[in-house]
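Everything on this sheet refers to the single structure shown next.
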Amino acid sequence: MWSEFKKWRDTHSEEDIQKVDMPSEIKGWIRAWSKYYNAYVVDSNKFVIYPNIPVTTNFSDAGEHGGDNNSLVQVNLLQQDYDYRLYDVDKLARYDIYFNNVCLYEKLGIPENDLCLDIYGFHSNEKGCKYILSTKVLPYKIVKSFALNMRPIELNVMYDISGNGLYLYDTTDSNGTTQGSYHKNVVPYFLEGFNVRLLLKYVISHYRNSIKQVLKR
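If you read the sequence shown in my numbering, its first letter stands for residue 10, the second for the next number, and so on.
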């Protein structure tokens, strides 16, 4: 598998990688080999398999990409014996590089070439798809509207939960509104369960530390 990745990397320039349909944040990485690996996975139409109940986690030691130890990217570990059953790939839950469940194409009955999945609001629709499924308020006709009542977010579409917060847009029909940010229901949905006061303290502390790092440079 590594040989196939290396062969791909050796035949693709930085310009080629910038053309791959993946988040702009990843394209901007300058100190991570995973930038190229993510591009390889997308460009080769491959998937990375993870178990629902992990047996490994990231210990977040201080180093190249982190200044201190923290549990930000840690996951709950399996604490007992478990009988794993690996189904065929087409029967597994599959997510694209933007964290969208690809089963939504079939659920909505729209081909992949015609639908831009953007349920987290950071897909730029570079391919110019006719339809967009997004949590953002966009200046297009709303074909269908879904609530934000279930988790993970794609279940609201899979179970056809009507409401506001997640919209299927037709980009060929403008409604004349100004493109804005997320619908008002989106932030509470993603922050539900957080202690707001602690979250605010963390955000302030994070920005202070970021400013200190910039000033040190």
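Just so it is clear, CB atoms sit at the ideal spot from N, CA and C, and this is done for glycine as well.
The region 177-187 makes contact with the region 146-165; the number of CB pairs closer than 8 Å reaches 3 or more.
Going by C-alpha positions, Phe-14 is about 26 Å away from Gly-75.
The alpha helix (DSSP H) runs of length 4 or more contained entirely in the region 104-135 are, from start to end of the chain, 112-117. Under the DSSP assignment, Val-152 falls in the beta strand (DSSP E) whose first and last residues are 149-155. Annotated three-state conformation of Lys-145 is strand, per DSSP. Ile-62 places its beta carbon less than 9 Å from that of Asn-85.
Taken in chain order, the complete alpha helix (DSSP H) segments of 4 or more residues contained in the region 178-213 are 195-200. Listed in chain order, the non-local C-beta contacts of Ala-48 below 6 Å within the same chain comprise Ile-26, Val-29, local neighbours out to five positions each way being set aside. Linking Tyr-178 to Cys-125 through their CA atoms gives a straight-line distance of about 10 Å.
Under DSSP, Leu-175 takes part in a beta bridge, and its partners are Phe-155. Tyr-140 sits in a strand when the DSSP states are folded into three classes. Distance from the CA atom of Glu-135 to the CA atom of Trp-11, rounded to whole angstroms, is 29 Å.
With 16 or more other Cβ atoms from the protein chains shown falling within 10 Å of its own Cβ, Asp-127 counts as buried.
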